[in-house]
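Chains as they are written, first to last, in the numbering used here: chain A, 800 to 1223; chain B, 800 to 1223; chain C, 800 to 1223; chain D, 800 to 1223.
4 protein chains.
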Amino acid sequence: MSRNIVLCSYRLKKFNLLNKKTPNKLKILNDPIYGFIQIPNSLIFDIIEHPYFQRLRRITQMGFSNLVYPGANHTRFHHAIGCMHLMQKAIGVLRFKQVAISKEEENALCIAILLHDIGHGAFSHALENSIVSGISHEEISLKFMKKLNEEFNGELTLAIEIFEGKNSRKFLYQLISSQLDIDRLDYLKRDSFYTGVTEGNISSDRLIAMMNVKDDELVIEQKGIYSVEKFLIARRLMYWQVYLHKTGLVAENILVNVLRRAKELAEKGVELYASSALHYFLYNQINKQNFTEKTLEMFSKLDDYDVLSAIKEWVYHKDEVLSLLSKMIVDRNLLRIEIQQENFTESYIQKKREKAIKKLNIKETEVDYFVFHQEIKNQAYNLKAPIYILNKKGKLKDISKASDQLNLQALTNPVIKHFICYPK
Amino acid sequence: MSRNIVLCSYRLKKFNLLNKKTPNKLKILNDPIYGFIQIPNSLIFDIIEHPYFQRLRRITQMGFSNLVYPGANHTRFHHAIGCMHLMQKAIGVLRFKQVAISKEEENALCIAILLHDIGHGAFSHALENSIVSGISHEEISLKFMKKLNEEFNGELTLAIEIFEGKNSRKFLYQLISSQLDIDRLDYLKRDSFYTGVTEGNISSDRLIAMMNVKDDELVIEQKGIYSVEKFLIARRLMYWQVYLHKTGLVAENILVNVLRRAKELAEKGVELYASSALHYFLYNQINKQNFTEKTLEMFSKLDDYDVLSAIKEWVYHKDEVLSLLSKMIVDRNLLRIEIQQENFTESYIQKKREKAIKKLNIKETEVDYFVFHQEIKNQAYNLKAPIYILNKKGKLKDISKASDQLNLQALTNPVIKHFICYPK
Amino acid sequence: MSRNIVLCSYRLKKFNLLNKKTPNKLKILNDPIYGFIQIPNSLIFDIIEHPYFQRLRRITQMGFSNLVYPGANHTRFHHAIGCMHLMQKAIGVLRFKQVAISKEEENALCIAILLHDIGHGAFSHALENSIVSGISHEEISLKFMKKLNEEFNGELTLAIEIFEGKNSRKFLYQLISSQLDIDRLDYLKRDSFYTGVTEGNISSDRLIAMMNVKDDELVIEQKGIYSVEKFLIARRLMYWQVYLHKTGLVAENILVNVLRRAKELAEKGVELYASSALHYFLYNQINKQNFTEKTLEMFSKLDDYDVLSAIKEWVYHKDEVLSLLSKMIVDRNLLRIEIQQENFTESYIQKKREKAIKKLNIKETEVDYFVFHQEIKNQAYNLKAPIYILNKKGKLKDISKASDQLNLQALTNPVIKHFICYPK
Amino acid sequence: MSRNIVLCSYRLKKFNLLNKKTPNKLKILNDPIYGFIQIPNSLIFDIIEHPYFQRLRRITQMGFSNLVYPGANHTRFHHAIGCMHLMQKAIGVLRFKQVAISKEEENALCIAILLHDIGHGAFSHALENSIVSGISHEEISLKFMKKLNEEFNGELTLAIEIFEGKNSRKFLYQLISSQLDIDRLDYLKRDSFYTGVTEGNISSDRLIAMMNVKDDELVIEQKGIYSVEKFLIARRLMYWQVYLHKTGLVAENILVNVLRRAKELAEKGVELYASSALHYFLYNQINKQNFTEKTLEMFSKLDDYDVLSAIKEWVYHKDEVLSLLSKMIVDRNLLRIEIQQENFTESYIQKKREKAIKKLNIKETEVDYFVFHQEIKNQAYNLKAPIYILNKKGKLKDISKASDQLNLQALTNPVIKHFICYPK
C-alpha cells in the first residue's frame, strides 16, 4: 500500500490541493495559557500549514499521562506554537537589553524552536525504543528540517545551523537547547496547566524577563536566582509526580511491549492489522543507516491514531500475548507496579515470574512481556552545561554555586529508582 | 472479525483481567478547572472503570473544533467526571436549603449525569448523521445504562428512572436535562477553558449557589437573574464563535461526506481499510429497529481513533472522491466556506458546482461531496421548558419575563444562517 | 496648618528630596491580571513617580464595595497603570492594521489614559457630591494635567489636546473616552478579578484585537460582534450586581451624609477632627469658580485615609448624628435598604421617618440623615455615541442594529430603580 | 478624648445599634482565590460581625509591600476568612480518613484560625517594635479571644484551649500553628495571588488532601513529599523576593523610625496630630505589664488609617526629622538601601553618616533616623518542630530526612543578610 502513498501525493498536487495556501488566514491562534498567539509572517505560517507540522496535531505531548491526569490531552502542535510565542518574547527582552539580534536570526530562532520536536514519533519515547532503533528524535527532526529547507528554497538554512549548534553565537543555540531553554519554559508551564498539577507551574514570563547575554552566553540576572531555583524544583516535582507517575510508567512500558510483540510476530510473517505507515515500521527493521527519504515520508504519516487504533484491534488477535497486553491498555486495566529505591532481588522477581506463568497460562518465553523490572533516573541539574547567574559586577556564576543556601549541588546527583511490573 | 470480539471477551474474563478492581485506588482525579474531584463511592468507581465508560477517554468533546482552537482536545470522559462533580455541589446547595434528597437519589443523580452522554459516537454528531440512522445518542445512552444495570445487579434502576423523566420529582430530571442543567454548566465552562475563549466562561458556582426547588421545579433565586442572563448570552456566544465556527463546520461536514462516501462504496462491495467496529457500521445498515445487543457491543468499541485512522488510510484509496475528502481532513486543507443570513441563490450554487466539476475533474454525481449548502440554527432560549426565577415573594416567573430590561424574548427567536462549501 | 504645607514643600525641595529621580529604577510592575507591565519611557516613569500620581495609591477604585466583596481593595493607581498597558496593546494592534500612529501620539495616548482619573477624590463619587460642588472629576483631572504640563515643560500638551477632544483624529479621543474605551476595558476586567465576580470578566484582549479605525472612527470588526454583546451584558451585570449592590449603596450614602453633617457642623463653627486637607474642604465652600491653584494643591493631599480616619474619630464626637452615622460605617452596621422598581409611597416613607425619630431619639430636622430615598439608573448602551461594527464590505453599523438577534435596542432604555434606607 | 470612647460605646448600645444582628444575612463571601466561602454557623457569623474582627478590614496583610507590588492590598480580614475556609477543607479530609473530629472541635478550630491574627497591630510588625513593647501579637490575640469569650458566654473556651496548645490532641494545635499550618497555606497562596508573583503559588488543596493524623501528630502522606518540598521552596522564594524585598524593607524601617521619632517628641510634650487611639499609644509607654482592658479597647481602635493619616499630616510638622521621614513614605521617595551577605564595615557606615549629616543639615544625634543598618534572617525549615512524612509502612520521618535527594537539611541553616539605608 505504501507505493500508493507516493502516487496519491502526486495526484493531490495535480489538483492543487496540497500546497495552495490562502493568504491572510488564521494569523492568530488561541491559547488557554498565553491568550492570543500571533504568527509573525507568511513563511512561518506556511511551515505551520505543512502536513509535516500538521501531523503534530495528532501526537499528544504527554503520551499516556492522560490515563492519570485526564486533562493532559494537549498536543505537540500546541507546544511548538507556544514555544514560538515565548521565543518572540525572549527576543524582545534581549533586544531591550541591547543584545543585537537580526531579523534573520529572529526568524531562524522561531523556526528552529517550532521544529525542534518535529521528529517525535507517536507516543513519543515509547516508539523510539521499539519501532525504530539507534536513531534519536533530534536526528529525525533534523531530517525533517532539511527536507523542508529544500521545499522552502533554503529559507531554513540559518535555523538548521542554530539547531545543530554550528552558529558562532552560542546563546542562539542555548535558547533552543539548554537547561533553561524555551522548550522547557513552555512544556513545564503547559504540562502543569493541563494536568492541573499547579505546583509545577513556573513563571516563564519572569524567567524570560531575567534573561540576558554575556560573552555570547545566555545568562540569568542575579535577581532571578530564586526563580531559577523554583524552576529546578518544579521540574523535579513534575518528573516524579507526573512524567514518571507509576500509572503512566506502567502504561508506557506495556505499550513498548505491545509493539515489541507485534514486531516479533511481524518478523515471523504473522498478519497484523495496521495502517500502511505502521505496517512499514513493523515489517521493516529501521535504523540510522537505512533511514531513507521514503522512511521519512512514512514516518511523517505515523501518529498516535495509527498506533492506538491498531492496538484496539489487536485485542482480538489470536496471539494471546498481544491480545492481553492490548486489552490492558484499551481498558486501562494495567499491570501492578512497585517502585522502590533499591534493586529488586532476583528471588522476588523469580517469584513474580512463576506466579504470572501460572496465572496467565503462558510460556516461560513469554513471561518477560508481563513481568519486567527497570531503573528510572532523573537528574534535576546537570553541571556540564550550567545555568549561569550574572551578578551585579558582571561576573558569571554557576547557579549551583550562586544560590546562597539551597544546596543545589545535591540536585546534580541523579536520583535512581527501580520498578517492577507484574500481573495483579 | 466481529465474532472474534466475543470470544476474546470471554477469554479475558477467564483470566480475571476484565472485572477485577483494585479497592481504594484512584479515588481522586485532577481537573485543571475544579482542582480535585473526589469519586464518592465504589459503585461509581466501578462504573467509571468499566470499559464502556473508559471508551469516553477516546472521544473528544468538541470534535474538530481543535482545528480552530488547538487547546480543545478535552474528552467526553473528563466532561462526564466534571458533571458528576458539579452535581455533588448542586445536591449540597439544595440540601442546605432544606430540599430533601435521599442518599439513593444522590447516587442516582451522580450516575445519571455521569452516563448521560455515554451513547455519543465518535466525533459525536457527525456520526449520528452518517453511520447509524434514526436513533439518537440519548437512546443509545439509555441502552448502555440498561446493560450496565444488568451487570451491576439493578443498582442503576433509579438513575435510569430519573434519566427517562419517569421519576415523580421533576427537579431531579431537570438537573440532568433542562435549559440550565448540570451538563450545560460543565460544558460551557470546560469548552471555554480549553478553547481559551474566556468570554464563554460562566460562573457555574454562582448559578449552582442560586439554585432552589419550588413545587418540585428547579428554580433560580431572584438575585441570580443577572447570572442567568449572562449564562444565556455566553452560550449564544459559544455557539456562534466556537461550536459553529466556520472552520469546524466545514471540517465536520467533510467528515460526514467521507463517511457517506465510504458507506456508499461499502454497499457496492468495495474494500475499505477499517477496524472491525467501523467495518461493522460501514457494511451494515443500522437503525433503531435492528440495534441489537451485538450492535451495542460493537458501538462500545468505536471511537475517534477508529474513524480518524481509517480516514488517514483512505487518503491512499483508489476512489478519488474518498481520497480527496480524506486528504482535506488530514492536512487541514479544507473546502472554502461562506456564511450568510440569506439563502444562497440556485444560480450561485450551480456556478460553484460547475467550477468544482471542472477543477477536480469529477463526475456530476460526485459533486455533492464537494459543493453543498445547508442552514444552521441556534435558539438561545426556549420558552417551552422555561428557566424559572423565584422572586422574594415565592412566586415563579419565566426568566424571559423576569428580566427587567434585557429583551430576552428576542432570544427565543431561532437565528438561522446559511452556508455553502466548495473547493478553493 | 495649610500654610505650613507650602513651607514644607519648599524645605523638601531644598533638600533635593522631592524631585530627585533615580534612573533605571522600577521599569517593570507586577500585575496579577496582566503579568508584567513595562513602563515605556522615562517621561512616563517620572509622571508615575510624581506625588500627584502616587496619591492614587491611597484611593481605592471601588470605594465601599469592599464591604461586600472583601477582595476589592485595588487602587486607582493600579487601574491607571493597567490602562496604560492596554493602551500600548491597542496601539500595537492598530499599527499592525496599518493605522498610522506617531511616536508622539503613542506617548500622548499613554499619558492621557494614565491621568484620565487623576482628578478623582477620596472615595470617588461620594466626595463629588458632598465636599466640592459643581465641578466634575474630569475637570479636576484636566487641572492636574495642566499643572503637570507646566512642571514637565509642555510635554503633556498633545495628551491634553486628546483628552479634551480637541485633536482632529477622532479615534484618539475615543480610545480615552467612549463606550468601548480603554478605561472600561481595564476596570471591568479588574473589578471582576478582584471582587471574584467571574461573570463580569471580559476579554479585553479579544476586544482590542478586533479594534480598527475607519474614517477616523474607532470601530470593531464584524467577527468581534459577539464579544461586544458580551461586553455590554457583562457591564450591565457588574452594575447591578456589584457597583449598585445594595450594601455598597447604603454605605456610600451614609458616607455622603456623614460628610454633609460634618460640613453643616463646620459651618456652625463646631470643631472637628480632620487632617489639614480635609479641614480645608470642610470649612470652605469649594466650587468651580473658586477652585484655585491652592485648592488643587489641597485636593492633591486628600485621599481615603483622611476621610476614613476622620470618620473613625467622629464616632466619639458629641454630635449624636455625626457619631451614629460614623459608627455605622466603622463597624459595618449599616442602615436597612429596600430596592424596588416603583417609587416608594409618601406614607411608607413617612412611617419610616416617624419610627426612626422615635427609635434614635432624634429631632425631626435630623431624620433625613437616617431615612432617605433615591432613584438609581443605569443605561447599558447609549445610542448617542454608538459602538460601530465594521462589516466585511467596509460599512459601519451601530452595534444595536448589527447584532443579528439580541435585542440590544432594549439596552438603550435606562433601567430605573428606587431605594429607601432607614434604621434597622 | 479616650474617655469619650467608653461613653459613646454605651450610647450606641442604648440605641441597639451595636450588637443587633440581622439573621440569615451574608452567609456567603466571594473570594477571588477560592470562589465562594460559606460561613458555617451563626456563632461564627456573629464573631465576624464583631467590631474587633471588622477592624481587620482596615489592616493590610502585607504592610508596605504594595509599594513594590501594587496589587497587594488584601487585608487581614480576608486572610482570616480564607483560613477558615481551608480549615473546613482540612477537617473534611481528615474525617474522610477516619480521624475523629467532633462538631465542637470543628467549631473551635474554625474560631481559633479565624482569630489567630486578631492581635496584629496596624502595619503589623512595624508597630510591634515601636508602639508597644515586650508583648507579641499572639499574646494580644489571646487577650482579644478571652474578651470575646466573655461576650459570647464561654463559647470560645475550646478554641482558646487549642490556640494555647493546651488541648491533649496535638494535631489540633498543629493545624493552627506549625510549619505547615493552615495560616501558611492561606497566606502563601494569597500573597502570591495578589502580588502576581505566581512562583510563590502553592497547592493548598493538594497539601490538605495529603494530610493525615498519626499518633495525634499532623502528618503528610508519602506521596505528598514533593508538594512539601515545593511548599518550602516557595516560602523561601516569597521571603526573599517579596516579604524582604528591599523597597518594602526600607519603607517599613522608615515607618518604624517615624513612630520612634513621634514617640520621642511625645515624651518631650510636643504636640502631634493623632487620632485618639494613636495618641494613647504615643503618649503612654505600653508593655506587657500595664496592658489593661482599656489598652485592649484602645488597641481595637487602631489600624492602618490612624497611622498613615497621621504620617500624612506629620509631613508638615515643624520637627524636620519627623517631617522628612514622613514625606519619604507619602511620596514613596525612600532612602537608598544596600543588601549584602557580609556585615558593613564601621568605616563605610561612618562615611554614610557624615554624608547624611551634611546633606540633610541634621544633628549628629538625629542621623540614626536616616542611616541605619541591620541584619535580616530567614530559616526556611526548622528542625525543632518538624514536618513529618508518613511512609507506606506507617512510620514517621522528618521531611528533611525523607526527601530522597533535595538537601533539605541545608534549609535548616538560617540565611543571614545585612542591609544599610542612607539618603540618596
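We treat Cβ as the ideally placed atom computed from N, Cα and C, and that holds for glycine.
Uninterrupted alpha helix (DSSP H) stretches inside the segment 998-1050 of chain A (no shorter than 4 residues): Complete alpha helix (DSSP H) runs here, min 4: 1003-1008 and 1024-1037.
Looking at chain C, which residues of the segment 830-842 of chain A have a Cβ within less than 7 angstroms of any of its Cβ atoms? 834 and 835
Looking at residue 1109 (chain B): is its Cβ nearer than 8 angstroms to the Cβ of residue 1133 (chain B)? No, the Cβ-Cβ distance between residue 1109 (chain B) and residue 1133 (chain B) is not below 8 angstroms.
Roughly how many whole angstroms lie between the Cα atoms of residue 1033 (chain B) and residue 947 (chain D)? 47 angstroms
Let me check one thing: in DSSP terms, what residues is residue 1144 (chain C) bridge-paired to? Its beta-bridge partners do not exist; DSSP assigns none.
So, is residue 899 (chain C) buried or exposed, given that buried needs 16 or more other C-beta atoms within 10 angstroms? Note on residue 899 (chain C): under 16 other CB atoms within 10 angstroms of its CB, so exposed under the neighbour-count rule.
Go ahead and pull the three-state DSSP assignment for residue 963 (chain D). coil
Where residue 1082 (chain D) falls: helix, strand or coil (DSSP): helix
Taking only the alpha-carbon atoms, compute the straight-line gap between residue 938 (chain A) and residue 931 (chain A) and give it to the nearest angstrom. Cα-Cα distance, rounded: 12 angstroms.
Look up residue 858 (chain C) in the DSSP assignment and say whether it is helix, strand or coil. coil
Between the CA atoms of residue 1055 (chain C) and residue 1171 (chain C) - distance to the nearest angstrom: 12 angstroms
Residue 1145 (chain B) versus residue 1153 (chain B): straight-line alpha-carbon distance, rounded: 12 angstroms
I need the straight-line Cα distance from residue 942 (chain D) to residue 1095 (chain D), nearest angstrom please. 8 angstroms
What did DSSP end up calling residue 1187 (chain D) once you bin it into helix, strand or coil? Here residue 1187 (chain D) sits in strand by DSSP.
Would you report the Cα separation of residue 862 (chain D) and residue 902 (chain C), rounded to the nearest angstrom? 39 angstroms
So, using beta-carbon positions, are residue 933 (chain B) and residue 1086 (chain B) closer together than 8 angstroms? yes
What does a CB cutoff of less than 8 angstroms around residue 830 (chain D) pick up in its chain, not counting 5 residues either side in sequence? 836, 877, 880, 881 and 884
Contact with chain B by residue 1043 (chain C), beta-carbon distance below 8 angstroms: no
Examine the Cβ distances between the segment 857-871 of chain B and the segment 1039-1059 of chain B and report whether three or more of them are shorter than 8 angstroms. yes
Return the CA-CA distance between residue 1184 (chain C) and residue 1190 (chain B), expressed in angstroms with no decimal places. 36 angstroms
Where do the N-terminal and C-terminal ends of the beta strand (DSSP E) with residue 890 (chain D) fall, by residue? Where residue 890 (chain D) is concerned, there is no enclosing beta strand (DSSP E), although the alpha helix (DSSP H) it sits in stretches over 875-895.
Endpoints, beta strand (DSSP E) assigned at residue 1171 (chain C): 1171-1177
How long is the line joining the alpha carbons of residue 1059 (chain A) and residue 1125 (chain A), rounded to whole angstroms? 12 angstroms
Roughly how many angstroms lie between the CA atoms of residue 1176 (chain D) and residue 1212 (chain D), to the nearest whole one? 10 angstroms
Give the residues of chain A in contact with residue 1040 (chain D), contact being defined as C-beta atoms less than 7 angstroms apart. Going along chain A in sequence order, the residues near residue 1040 (chain D) (Cβ under 7 angstroms) are 1025.
So what does DSSP say about residue 1222 (chain A), is it helix, strand or coil? coil
Taking residue 911 (chain C) as the reference, which of C:889, C:873, C:891 and C:971 has the closest Cα? Answer by Cα proximity: C:971.
What is the rounded straight-line gap between the Cα of residue 1115 (chain D) and the Cα of residue 1209 (chain C)? 55 angstroms
Beta-carbon neighbours of residue 827 (chain A), restricted to chain C and to distances below 8 angstroms: 1008
Extent of the continuous beta strand (DSSP E) run through residue 1130 (chain B): Taken as a continuous stretch (DSSP letters only), residue 1130 (chain B) belongs to no beta strand (DSSP E), as it is neither H nor E.
What is the residue span of the alpha helix (DSSP H) that residue 973 (chain A) lies within? 969-975
Give me the Cβ distance between residue 1001 (chain B) and residue 998 (chain C), rounded to the nearest whole Å; I'm assuming they're in contact under 8 angstroms. 7 angstroms
Taking the alpha helix (DSSP H) that residue 1098 (chain B) belongs to, which residues open and close that run? 1092-1098
Bridge partners - residue 835 (chain B), DSSP secondary structure assignment: Paired residue(s): B:829.
Within-8 angstroms CB hit, residue 1004 (chain C) to chain D: no
Whole-number beta carbon distance between residue 1023 (chain D) and residue 1005 (chain D), since they are thought to touch under 8 angstroms: The Cβ separation is near 7 angstroms, so the contact holds.
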